[in-house]
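Visitor: Sharing a structure with you now.
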Amino acid sequence: MFCLCIIPTVEPDEGLLVVSFDGSARVKRGGGACSAIVWKLPEWTVVAAESKYLPDLTVNEAEYQGLLLGFELLSSLDRGRLIICGDSNLVIRQMRGEIECKAPGLTPLRRRSLDRLRTWPAHEFLHVKRDWNQSADGLANTALHQQEGTVVTS
Numbered sequence: 025m026f027c028l029c030i031i032p033t034v035e036p037d038e039g040l041l042v043v044s045f046d047g048s049a050r051v052k053r054g055g056g057a058c059s060a061i062v063w064k065l066p067e068w069t070v071v072a073a074e075s076k077y078l079p080d081l082t083v084n085e086a087e088y089q090g091l092l093l094g095f096e097l098l099s100s101l102d103r104g105r106l107i108i109c110g111d112s113n114l115v116i117r118q119m120r121g122e123i124e125c126k127a128p129g130l131t132p133l134r135r136r137s138l139d140r141l142r143t144w145p146a147h148e149f150l151h152v153k154r155d156w157n158q159s160a161d162g163l164a165n166t167a168l169h170q171q172e173g174t175v176v177t178s
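In my numbering, the protein residues as written are 25 to 178.
The following block contains the structure:
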């Protein structure tokens, strides 16, 4: 299947926020972790970054928890243009409304994410390769292995 993905463009002097999120989980609900990083462009300054360890999660639930964590980190920031990047094709496509969300464990997480998204009128979702999401991926994997989250301050 071929998917046409439009990469957002950013003007050199345009100020906007980028959130990268990720989730990671052990097989058979052995625990999971999530992370989110908020970047300010055009400088690529880290505004906030955090990871959490959560017991009893699937990988897709962990991905949604990462997205929700991103919205928590954004809560006190000005509502300008927002680009949300993640390596979960499922979460990105469900949030765009391209595919349905039928899993009972994901439906309330998607609903909460959509509620938070409504406060950001200018937003875009971008599915990225895992290689392009290494910062968020590393934070989530560290939280999973250490079974505790972290807060990164700038």
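Note that beta-carbon positions come from the ideal geometry of N, C-alpha and C, so glycine has one too.
In terms of residue numbering, what span does the alpha helix (DSSP H) encompassing Ser48 cover?
Guide: It is not in any alpha helix (DSSP H) - Ser48 instead sits in the beta strand (DSSP E) that spans Leu40 to Ala49.
Visitor: From this set, Leu114, Gly39, Lys64 and Glu122, which residue's C-alpha is nearest Leu97's C-alpha?
Guide: Residue Lys64 is the option with its Cα nearest to Leu97.
Visitor: Can you tell me whether Ser100 is helix, strand or coil according to DSSP?
Guide: Coil at Ser100, not helix or strand.
Visitor: Could you check the C-alpha separation between Ile61 and Glu122 for me, to the nearest Å?
Guide: If you take the alpha carbons of Ile61 and Glu122, they lie about 25 Å apart.
Visitor: In or out: Gln170 buried (at least 16 other Cβ within 10 Å) or exposed?
Guide: With fewer than 16 Cβ atoms within 10 Å of its Cβ, Gln170 is classed as exposed.
Visitor: Decide if the region 41-57 is in contact with the region 155-162; the criterion is three or more beta carbon pairs, one per stretch, under 8 Å apart.
Guide: These segments touch.
Visitor: Could you say if the region 74-81 and the region 110-125 meet the contact criterion of at least three C-beta pairs nearer than 8 Å?
Guide: No contact exists between the region 74-81 and the region 110-125.
Visitor: Can you find the residues in the same chain that come closer than 6 Å, C-beta to C-beta, to Asn165, ignoring five residues on each side of it along the sequence?
Guide: Correct list, in chain order: Ser48.
Visitor: In chain order, what residues of the same chain have a beta carbon less than 8 Å from the beta carbon of Asp37, not counting five sequence neighbours either side?
Guide: Pro66, listed in sequence order.
Visitor: State yes or no: is the C-beta of Arg120 within less than 7 Å of the C-beta of Phe149?
Guide: In contact: Arg120 and Phe149 (Cβ atoms closer than 7 Å).
Visitor: Quick one: measure Cβ to Cβ for Cys58 and Leu93, integer angstroms, because I've assumed they're closer than 8 Å.
Guide: Contact holds; Cβ gap of about 6 Å.
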